[in-house]
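Novice: This is the structure I have questions about; it appears just below.
Number of protein chains: 2
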Amino acid sequence: MAPAVLGITPPSGDSAANINNSHFAGETELSKSKFSQTLQTSMPSSAHQTQIVTDETTIDVLENNGPAQRAQHWVLNPPRPPGLWDELKNTVSGTFLSHGEKFKSLVKQPVSGTISMLGTLFPILVWGRDYTVAKFKRDLMAGLTLASLCIPQSIGYATLAKLDPQYGLYTSVVPPLIYAFMGTSREIAIGPVAVVSLLLSSMIQKLEDPEANPVAYTRLVLTVTFFAGLFQAAFGFLRLGFLVDFLSHAAIVGFMGGAAVVIGLQQLKGLLGLTHFTVKTDVVSVLEVIFKSVHNSWSPYNFIIGSSFLTFLLITRFMGKRYKKIFWLPAIAPLISVILSTLIVFLTRADEHGVKIVKHIKGGLNPSSIHQLQFDSPHTSEVAKIGLIVAVIALAEAIAVGRSFASFKGYHIDGNKEMVAIGFMNIVGSLTSCYAATGSFSRSAVNFSAGCESAMSNIVMAITVALSLEFFTRLLYYTPTAILASIILSALPGLIDLNEAYNIWKVDKLDFLACIGAFLGVLFVSVEIGLLVAVMISFAKVLLNAIQPGIEDLGRFPGTDVFGQVNQYPMAIKTPGILTIRIKSALLCFANSNFIKERILKWVDEKEDDEECTKGNAKGRPKLVILDMSSLMNIDTSGISSLEELHKKLMLHGTELAMANPRWQVIDKLRLANFVNKTGGRIFLTVGEAMDAYL
Amino acid sequence: MAPAVLGITPPSGDSAANINNSHFAGETELSKSKFSQTLQTSMPSSAHQTQIVTDETTIDVLENNGPAQRAQHWVLNPPRPPGLWDELKNTVSGTFLSHGEKFKSLVKQPVSGTISMLGTLFPILVWGRDYTVAKFKRDLMAGLTLASLCIPQSIGYATLAKLDPQYGLYTSVVPPLIYAFMGTSREIAIGPVAVVSLLLSSMIQKLEDPEANPVAYTRLVLTVTFFAGLFQAAFGFLRLGFLVDFLSHAAIVGFMGGAAVVIGLQQLKGLLGLTHFTVKTDVVSVLEVIFKSVHNSWSPYNFIIGSSFLTFLLITRFMGKRYKKIFWLPAIAPLISVILSTLIVFLTRADEHGVKIVKHIKGGLNPSSIHQLQFDSPHTSEVAKIGLIVAVIALAEAIAVGRSFASFKGYHIDGNKEMVAIGFMNIVGSLTSCYAATGSFSRSAVNFSAGCESAMSNIVMAITVALSLEFFTRLLYYTPTAILASIILSALPGLIDLNEAYNIWKVDKLDFLACIGAFLGVLFVSVEIGLLVAVMISFAKVLLNAIQPGIEDLGRFPGTDVFGQVNQYPMAIKTPGILTIRIKSALLCFANSNFIKERILKWVDEKEDDEECTKGNAKGRPKLVILDMSSLMNIDTSGISSLEELHKKLMLHGTELAMANPRWQVIDKLRLANFVNKTGGRIFLTVGEAMDAYL
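Protein chains in written order, with this note's numbering: chain A, 1 to 695; chain B, 1 to 695.
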C-alpha cells in the first residue's frame with residue numbers, strides 16, 4: 001500500500017553523481033566579485049521601506065543571473081543590523097515613550113492634560129465617573145463579606161509574621177484604601193497574606209529575635225516593608241515588570257506548595273499550644289522540636305478547640321466549593337469560629353486550664369510609624385535585600401491574582417501601573433504601622449464570588465476593619481490562639497495546586513524539576529533557598545535549550561521546495577549525496593560550536609557506510625553538506641572559527657559546504673569576520689536554492 | 001528608476017478585504033476532526049525511515065484536500081519527539097559507545113584487540129612504528145632548543161608558584177615523559193606555565209603561608225596537583241571535554257591578558273630585589289606595596305642586571321619574530337642570560353653588594369612525594385576546588401595550544417584523549433614532586449619553529465632537564481633572581497593579544513564585555529573572580545540572546561513563496577491586511593512570553609494607524625496575524641498560556657491568529673497542552689501556506 005506521497009519523485013533524483021563542480025564554484029566566484037562592487041550601494045537608509053534603490057550594476061546582476069543568484073545577492077548584502085547601542089536605545093525609548101508623550105501633552109494642554117495624567121495615576125477618577133448605586137450595593141456586600149474573612153485572617157497572619165495581632169488589622173486598613181485609588185484590578189483583595197508573612201518572619205528573625213526584642217524586630221519589619229514598597233514602585237516606574245516574570249510559573253507553583261506546608265507546620269505551635277518553638281522553618285527542625293515538645297508540655301484543650309473548628313472550617317470550605325450559592329459560608333465561617341470559640345473560652349474560663357488566648361489587642365486606628373523606620377542600623381543592606389525578595393514575591397502573587405481575574409472578565413491589567421500602586425501602598429503602609437501587603441489569592445476569590453464590581457469593595461472592607469480596630473478589639477481578649485492557627489490552616493489547601501503540578505509534569509519534565517526543586521528547597525532548607533533553586537533551575541533550563549548541541553536531518557516535502565526535519569515529518573525525502581543539516585541551537589557559540597562541528601563531521605563520516613547513499617554514488621560520502629542556519633539567532637567568534645574549521649575539514653575530504661538562510665545578526669557577523677571571502681561565500685537564501693545551485 | 005523586483009505583484013494583491021472567514025474556519029474544523037481519527041495510526045516506530053505507512057483514512061484526507069490541508073495534517077500529527085529520558089540515554093550511549101565497542105572487540109579478538117586498545121591509550125605505539133632516524137634528528141634539535149628555554153623558565157615559574165626552584169625542573173621531567181607516551185599532539189611542549197603557577201600561588205597562599213610554612217605549602221600544592229590531574233583524567237574518561245569550551249574564547253583572551261599583567265607585577269619583586277611583598281595579586285595592592293618598598297629598601301644592582309638582560313631578551317625576541325631563520329636565538333637567549341649573569345655575579349661577588357641570588361638548588365632527580373599528599377587536612381574541600389579550577393585552566397591552555405598547531409598541520413586532536421593524557425601526567429607528577437603542568441604557549445611555538453616531528457622532542461627535553469638536575473644544579477648557585485624575573489617578563493607579551501581583543505570588539509560587543517570583564521576582574525580583584533566574571537558574562541550573553549523578547553516583521557520575496565525579515569531584506573514585500581511576525585527568541589518561556597505577547601498586541605494596535613494598511617482595508621487593523629514559529633526551539637507552560645491569551649485577545653478585536661512551521665518539541669507541547677483543540681488549530685507548515693489558506 002503505497003501512500004500518495006511516494007508517487008512524487010524528488011526533484012533531485014539520482015543525478016547527484018553528475019555534478020559539474022567547478023562550474024558551480026566558478027559561477028559563485030563570478031557573482032561574488034560582482035556583489036562586492038554593489039556592496040556599498042545597496043544599503044537603503046530606512047530599513048522599513050519596501051522599495052529599494054539600486055544602481056545599474058545591481059540591475060545588471062539581477063538581469064543577467066537567475067533567481068538563485070539574485071537571492072544570493074540579497075543574502076550577502078543586507079543592510080547593517082542595529083548595533084548593541086541602537087537596540088538598547090530602542091528598548092529604553094520604547095519603554096519610556098509613553099511617559100514622555102504624556103508629559104508633552106501636559107505641556108500643550110495643561111488642564112485636560114493634568115486630568116488625563118491624574119486619571120492614569122488614579123484610575124478611580126476614571127471608573128468613578130460611571131459608578132452607580134447598584135454597583136455600590138454589590139460592592140458593599142462583597143466588602144462586608146471580605147471584612148468578615150479578613151479580620152480573623154489578618155490577626156492570624158500577623159502572628160505568623162511574629163508581630164502583635166493589631167499589625168495585621170492595621171495592614172488591612174491603609175494599603176487597601178490606597179490601592180483602591182491607584183490600582184487597576186477590580187477583584188483583588190489587598191491585605192496581609194500567608195506567604196509574605198512567612199517570608200518576613202523567617203528572614204528577619206535571623207537578624208533580630210522577635211520574642212527577646214519585639215520592638216527592634218517590629219522596626220525591622222516596617223523598614224523591610226518600606227524597602228519592598230520602594231522596589232515595587234521603582235519596578236513600575238522603570239517598567240521593569242518583566243522581572244517578575246523571571247519567577248517561572250512552575251517555580252511559583254512549587255514555591256507556594258512548599259510555603260503552604262511550612263506555614264502549616266508553623267501553625268502546629270498554636271494548635272498544640274506549645275511555648276517553645278524553633279526559629280527555623282525547614283521541616284526537619286520543626287518536626288524535631290514538635291516531637292520533643294509533645295512529650296513535655298502541650299495542652300490538649302488547645303488541640304481540641306483548634307481541630308474541631310478546623311474541621312468546621314474545612315467542611316464549610318468544601319460545601320462552598322460544591323454549592324456555589326453558599327459561597328458566603330466559607331467566607332464568614334472564620335468569623336463565626338472566632339466568635340463561637342471566644343464565647344466558649346469566656347464562659348468556661350478555659351484560659352485558666354491551659355488554653356492560650358490572644359489577650360490584649362491594642363485598639364485604635366493605625367498609629368504613625370515614621371520614626372520606627374531605621375536606615376542606620378548595621379543590618380541595612382541585609383534589610384534592603386529582604387525587601388527586594390519580599391517585593392518580588394508580593395508582586396508575583398498580586399499580579400498573578402490580578403491577571404487571572406482580569407483575563408476571566410476580559411479586561412486589561414497594566415503590570416507596571418499595578419507595581420506602582422502596590423509599591424506606593426506599601427511605602428505609605430510602612431509609615432502607618434502596616435507590614436508588607438499584597439493581593440490575597442483566597443480573599444480575592446471570595447471578593448469575586450461575592451460579586452464585587454470595583455475596588456470600592458476594598459474601601460468598604462478597610463472601613464469595616466478600621467471600625468473594628470476602633471471599637472471591637474476588646475472583644476477579642478478571650479479568642480484562643482488555636483483558632484487563629486486553624487483559620488490559617490484552613491486557607492492553605494488553596495496554595496497547594498497538585499493538579500497544576502501534574503500538568504507541568506505532563507508537558508515539561510524540566511519545568512517540573514524547577515517546581516519540585518522549589519518545593520523541596522522551601523521544605524528542607526529555607527524559603528530563600530527554595531526560591532533561589534527554582535530561579536536557577538528555570539534559567540539553567542533556558543540555557544540548556546539555547547545551547548543544546550543538537551543537529552537534525554532535513555528532507556524535502558514531496559513536490560515542494562519546503563524542507564522539514566525527517567524525524568518530525570517522516571514523509572520528508574532526503575536527497576542522495578546531499579546531507580541537509582539544521583542546527584538545533586539558537587546560538588553557535590563558545591559553549592556548543594565545537595560540539596556541533598564534531599557532530600556534523602561524525603554524521604558525514606557515518607554516511608560513508610550508509611547504504612542509501614552508496615546507491616547513487618561511486619563513494620557514499622555526501623558531496624554537499626547544506627547547513628540550514630534559520631534557527632541561529634546569533635553567532636560568536638568561537639562559532640565563526642568552528643564554521644571555518646568545518647569548511648576546511650569538509651573540503652579536505654571533497655565535500656562542499658553550503659549555508660542557507662542566515663539571520664540578520666549571523667550574516668552580519670560572518671561578513672565582519674570576513675568569513676564569506678575566506679571560504680568562497682556559498683550562502684543561499686533557502687535550502688532549496690542551495691540544492692538547486694548544486695544539482 | 002524602478003528596480004526589477006518591483007515589477008512583480010505580490011500574489012496577495014488587494015483582495016484581503018474579501019475574506020470568507022467562516023468558510024476558512026469551517027474547513028479547518030472539518031479537517032481537524034479527520035485528523036484526530038488518524039492521530040493514532042500515523043506514528044511510525046522508526047523515526048529515521050523515509051517511507052511512511054498510513055491507513056485509508058489518511059489517504060482519504062490527502063486525496064480529498066489540497067496540498068495545504070495535507071501539509072497541515074503533517075504539521076499536526078508528527079510522531080512523538082524523544083522525551084527527556086531518551087535524549088539523556090542517547091547522549092550517554094553516544095558518549096560511551098566507543099568505549100563499549102572497544103571492549104567488545106577486545107573480548108572477540110583478544111590479541112589484536114589488546115594491541116589496538118593499547119594503541120588508543122598510548123599513541124606512541126602507533127606513530128613509533130613509522131619513526132625514522134631523520135625524524136629523530138629533527139626532534140633531537142627541537143628537544144635541545146626546548147630544554148635550553150625550559151630550564152630557566154621552569155625555575156622562574158617555580159618561584160612564581162612560591163616553590164623552591166627545583167620543583168620547576170622536576171615538573172619538566174616526569175610530565176613531558178608521560179605525555180609523550182599518551183598524548184596526541186606533536187608540537188605541544190609540556191611543563192610548568194606562567195598562568196597555572198600564578199593560579200596555584202594566588203589561591204593556595206590563602207590557606208597556608210609559603211614563607212612561614214614552606215613544607216605545608218608544598219604539600220598543599222602537590223595535593224592540588226593530584227586533584228587537578230584526577231579531574232582532568234575524569235573529564236577525559238567521562239567525555240566531558242565540552243566543559244572546557246565553557247570558557248569562551250573572548251573570556252580566555254581577557255583572562256590571559258589580565259594574568260600576564262598580574263604576573264608582570266609579581267616579577268617587580270625580583271626585579272627590584274624587594275624583600276617584603278604582598279600575598280594579594282590585584283594591581284592596587286601590588287602597586288601600593290611596591291611604592292612603599294621603593295622608598296625603603298631596594299637594590300639598584302638587581303634592577304640594573306634584571307633590566308639590561310630583559311632588554312637583551314626582548315631584542316632577541318623581536319629579532320626572532322622578524323627573521324624566521326634565527327628562531328633559535330630567542331629560544332636560547334634565556335639560557336645565555338642565565339650563564340652570563342651567573343658568571344658576572346660569581347666574578348664580581350655582587351651578591352655581597354645586595355644582588356639576590358638563587359643559592360642552593362637541591363640536585364638529583366625527582367624524589368617520591370606520595371607521602372606528601374594530604375587528604376585529611378581541614379582544607380581538603382578547598383584544595384579540591386582549587387584543583388578543579390587549575391584543571392580547567394590548564395586544560396583550556398593545553399587544548400588551545402594543541403588544537404591551533406594541529407589545525408595548522410592538518411591533523412586531528414582528540415580532546416578527550418588529551419584530557420586523559422594530561423590528567424594522568426599530573427597524577428603521576430603529583431607523586432614525583434611535580435606541580436601542575438600543562439602545554440605552554442611560548443615553548444610549543446619554539447618547538448614548532450625548531451621543526452619537531454613528534455612528542456619525541458618532549459622526551460629529549462625531559463632527559464636533558466633530568467641530566468641538568470643530576471649534574472648542573474650547583475652551577476646555578478650564583479644566578480641572580482632578577483634574571484628569573486626578566487625571563488618571565490620577556491615571555492609575557494605572548495599572553496597579551498591586543499589584536500584578537502580588537503577583533504572581538506569588532507565582531508561582537510558583548511563578547512568584548514566578557515573579555516574586558518575577565519581582564520579587569522583578574523587585574524583588580526583576583527584571578528578566580530576574573531574567571532567567574534568572564535564565565536558569568538559569557539552565559540548571561542547566551543541567556544540574553546536566547547530569551548531576547550524580540551519579534552520581527554516578515555515580507556514575501558517578490559515572485560517566491562519565501563519570506564524574510566523586512567529589515568534584513570528591504571526587497572521583501574508585506575501583504576496588506578496581514579501581519580507576519582517571527583519570534584526572535586529560541587524559547588517562548590516564563591522569562592519572555594509575556595513581553596512578546598504584549599509586543600505583538602502593540603504592533604497589531606499600531607497597524608491601525610498605519611497608512612499603508614488602511615489603503616486596501618475598510619479598517620486598518622490587520623485581519624490576520626501569522627506567527628512564524630520556526631525559530632522557537634521549545635516552549636514552556638508560561639509560553640503556551642501566553643499564546644492562548646494572545647489568541648483570545650486578537651479574536652476579541654476580530655483578528656485571526658495563524659501559526660506556521662512549529663518545531664517538533666513545540667508542536668508536541670502544544671498538543672499535550674491541548675492548545676490545538678482549544679483554539680481551533682490554525683497551524684500551518686509554512687507562512688506561505690498560512691497566507692494562501694486565508695486569501
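Glycine residues also receive a C-beta, built at the ideal position from the N, C-alpha and C atoms.
Under the three-state reduction of DSSP, which class applies to A:GLY254: helix, strand or coil?
Specialist: Position 254 of the first sequence holds residue 254 of chain A. Correct three-state label for A:GLY254: helix.
Novice: Beta-carbon within less than 7 Å of A:LYS597's beta-carbon, same chain only, minus the 5 sequence neighbours each way: which residues are those?
Specialist: The residue given as residue 597 of chain A occupies position 597 in the first sequence. Closer than 7 Å at the Cβ level, and outside the excluded window around A:LYS597, lie SER642, GLU645 and LEU646.
Novice: If you reduce the DSSP assignment to three classes, tell me which class A:ASN366 lands in.
Specialist: Along the first sequence, read from residue 1 onward, the residue named residue 366 of chain A stands at position 366. Looking at A:ASN366 - three-state DSSP - the assignment turns out to be coil, as it is neither helix nor strand.
Novice: Starting from the beta carbon of A:PRO622, find every residue of chain B whose beta carbon is closer than 9 Å, and list them in chain order.
Specialist: Your numbering for residue 622 of chain A matches position 622 in the first sequence. Under the 9 Å cutoff, chain B gives no residues; its nearest Cβ is about 16 Å from A:PRO622.
Novice: Starting from the Cα of A:TRP328, find the closest Cα among A:THR145, A:GLY270 and A:LEU169 and give me that residue.
Specialist: Within the first sequence, the letter at position 328 stands for residue 328 of chain A. Minimum Cα distance to A:TRP328 is reached at A:THR145.
Novice: Run through DSSP, which three-state label would B:VAL566 get?
Specialist: Locating residue 566 of chain B in the second sequence gives position 566, where the first residue counts as 1. In the structure shown, B:VAL566 sits in coil (DSSP, three-state: anything other than H, G, I, E or B).
Novice: Whole-angstrom Cβ separation of B:MET425 and B:SER172, contact assumed at under 8 Å?
Specialist: Residue mapping note: residue 425 of chain B aligns to position 425 of the second sequence, counting from 1. Residue mapping note: residue 172 of chain B aligns to position 172 of the second sequence, counting from 1. Rounded, the Cβ-Cβ distance is 12 Å, inconsistent with contact.
Novice: Taking a Cβ distance cut-off of 8 Å, strictly less, list which residues of the region 569-603 of chain B are near chain A, in chain order.
Specialist: Those would be TYR569, PRO570, MET571, ALA572, ILE573, LYS574, LYS584, SER585, ALA586, LEU587, CYS589, PHE590, ALA591, ASN592, SER593, ASN594 and PHE595, in chain order.
Novice: For A:TRP127, would you say it is in contact with chain B, using Cβ-to-Cβ distances shorter than 7 Å as the test?
Specialist: For the purposes of this step, residue 127 of chain A is taken as the residue at position 127 of the first sequence. For A:TRP127, the answer is no, since every Cβ of chain B falls outside 7 Å of its Cβ.
Novice: Tell me the rounded alpha-carbon separation between A:ALA696 and A:LEU431.
Specialist: Any property of residue 696 of chain A remains undetermined from this structure, which presents chain A solely from 1 to 695.
Novice: Which stretch, first to last residue, makes up the beta strand (DSSP E) that contains A:ILE551?
Specialist: If you number the first sequence from 1, residue 551 of chain A lands on position 551. A:ILE551 -> beta strand (DSSP E) spans 551-556.
Novice: Beta-carbon within less than 8 Å of B:TYR131's beta-carbon, same chain only, minus the 5 sequence neighbours each way: which residues are those?
Specialist: Your numbering for residue 131 of chain B matches position 131 in the second sequence. Correct list, in chain order: SER454 and MET456.
Novice: Between the region 669-691 of chain B and chain A, which residues of the former have CB atoms less than 9 Å from a CB of the latter, in chain order?
Specialist: Going along the region 669-691 of chain B in chain order, one finds LYS669, LEU672, ALA673, LEU685, THR686, GLY688 and GLU689 with a Cβ nearer than 9 Å to chain A.
Novice: If we cut at 7 Å on Cβ distances, does B:ALA546 have a partner in chain E?
Specialist: Of the chains in the structure shown, none is chain E; the protein chains are A and B.
Novice: Given that a residue counts as buried once 16 or more other Cβ atoms are within 10 Å of its Cβ, and exposed if not, what is B:GLU56?
Specialist: Residue numbering aside, residue 56 of chain B sits at position 56 when the second sequence is read from its first letter. Residue placement at B:GLU56 cannot be trusted, given a pLDDT of 42 that sits under 50; what the coordinates show is reported in the next sentence. With fewer than 16 other Cβ atoms within 10 Å, it is exposed.
Novice: Taking buried to mean at least 16 other C-beta atoms within 10 Å of its own C-beta, is B:LYS615 buried or exposed?
Specialist: In the second sequence, residue 615 of chain B corresponds to position 615, counting from 1. The predicted model places B:LYS615 with a pLDDT of 47, which falls under 50 and marks its position as unreliable; any figure quoted below should be read in that light. Counting Cβ neighbours within 10 Å, B:LYS615 comes out exposed, since fewer than 16 surround it.
Novice: Under 8 Å Cβ-Cβ, which residues of chain A neighbour B:GLN232?
Specialist: As a position in the second sequence, residue 232 of chain B is number 232, starting the count at 1. By Cβ distance, chain A contributes nothing, its closest Cβ being about 17 Å from B:GLN232, past 8 Å.
Novice: By the 10 Å Cβ neighbour count, where 16 or more other Cβ atoms means buried, how is A:ARG671 classified, buried or exposed?
Specialist: Looking up residue 671 of chain A in the first sequence gives position 671. Counting Cβ neighbours within 10 Å, A:ARG671 comes out buried, since at least 16 surround it.
Novice: Please name the residues in the region 469-490 of chain B whose beta-carbon is closer than 8 Å to at least one beta-carbon of chain A, in chain order.
Specialist: Those would be none; no residue qualifies.
Novice: Determine the chain A residues that contact B:ILE504 at a beta-carbon separation under 7 Å, and present them in chain order.
Specialist: By one-based count along the second sequence, residue 504 of chain B stands at place 504. Neighbours of B:ILE504 on chain A, chain order: THR637.
Novice: Quick one, which of A:ASP553, A:LEU531, A:ASP636 and A:GLY451 has its alpha-carbon nearest A:LYS135's?
Specialist: Looking up residue 135 of chain A in the first sequence gives position 135. The candidate whose alpha carbon is nearest that of A:LYS135 is A:GLY451.
Novice: Any beta-carbon of chain B closer than 7 Å to the one on A:PRO152?
Specialist: Taking the first sequence and counting its residues from 1, one reaches residue 152 of chain A at position 152. For A:PRO152, the answer is no, since every Cβ of chain B falls outside 7 Å of its Cβ.
Novice: Taking all protein chains shown into account, decide if A:ASN77 is buried (16 or more other Cβ within 10 angstroms of its Cβ) or exposed.
Specialist: Taking the first sequence and counting its residues from 1, one reaches residue 77 of chain A at position 77. Result: buried.
Novice: Take every Cβ of the region 581-593 of chain A, pair it with every Cβ of the region 629-641 of chain A, and state whether three or more of those distances are shorter than 8 Å.
Specialist: Yes, they touch.
Novice: Jot down the residue ranges of each uninterrupted alpha helix (DSSP H) in the region 336-410 of chain B, minimum 4 residues, whole runs only, in chain order.
Specialist: Taking only runs of at least 4 residues, the alpha helix (DSSP H) segments lying wholly in the region 336-410 of chain B are 380-409.
Novice: Whose C-beta lies closer than 6 Å to the C-beta of A:THR342 among residues of the same chain, with five residues either side of it excluded?
Specialist: The residue labelled residue 342 of chain A in the question sits at position 342 within the first sequence. These residues qualify, in order along the chain: TYR478 and THR479.
Novice: Hey, could you find the ends of the alpha helix (DSSP H) B:ASP139 is sitting in?
Specialist: As a first step, residue 139 of chain B must be located in the second sequence, where it is residue number 139. Its alpha helix (DSSP H) spans residues 133-160.
Novice: Can you pull the DSSP bridge partners for B:GLY191?
Specialist: Translated into positions along the second sequence, residue 191 of chain B becomes position 191. DSSP lists B:THR438 as partners of B:GLY191.
Novice: Is the beta carbon of A:SER202 sitting closer than 7 Å to the one on A:LEU313?
Specialist: For the purposes of this step, residue 202 of chain A is taken as residue 202 along the first sequence, with counting starting at 1. For the purposes of this step, residue 313 of chain A is taken as residue 313 along the first sequence, with counting starting at 1. Going by C-beta atoms, A:SER202 is not nearer than 7 Å to A:LEU313.
Novice: Answer yes if the region 431-446 of chain B comes into contact with the region 358-375 of chain B, meaning at least three C-beta pairs across the two stretches below 8 Å, and no otherwise.
Specialist: They touch, by the three-pair rule.
Novice: Determine, using beta carbons only, whether B:TYR170 and B:ASN366 come nearer to each other than 7 Å.
Specialist: Here the question's residue 170 of chain B lines up with position 170 in the second sequence. Here the question's residue 366 of chain B lines up with position 366 in the second sequence. Yes.
Novice: Closest by CA to A:PHE303, which one among A:ALA485, A:LEU395 and A:GLU382?
Specialist: To locate residue 303 of chain A, count along the first sequence from 1; it is residue 303. Here the closest residue by C-alpha is A:ALA485.
Novice: Name, in chain order, the residues that DSSP records as bridge partners for B:VAL625.
Specialist: In the second sequence, counting from the first residue as 1, residue 625 of chain B sits at position 625. Paired residue(s): B:LEU579 and B:LEU657.
Novice: Closest by CA to B:GLN232, which one among B:GLY415, B:LEU627, B:ARG403 and B:MET536?
Specialist: Within the second sequence, numbered from 1, the residue matching residue 232 of chain B stands at position 232. The shortest Cα separation from B:GLN232 among B:GLY415, B:LEU627, B:ARG403 and B:MET536 belongs to B:GLY415.
Novice: Looking only at C-alpha atoms, which of A:MET629, A:LYS280, A:LYS678 and A:VAL687 sits nearest to A:ILE699?
Specialist: The requested residue 699 of chain A is not part of the displayed model; chain A covers only 1 to 695.
Novice: Restricting to Cα atoms, I'd like to know which of B:PHE441, B:ASN634 and B:MET691 is closest to B:GLU656.
Specialist: As a working note, residue 656 of chain B is residue 656 in the second sequence. Per the Cα distances, B:MET691.
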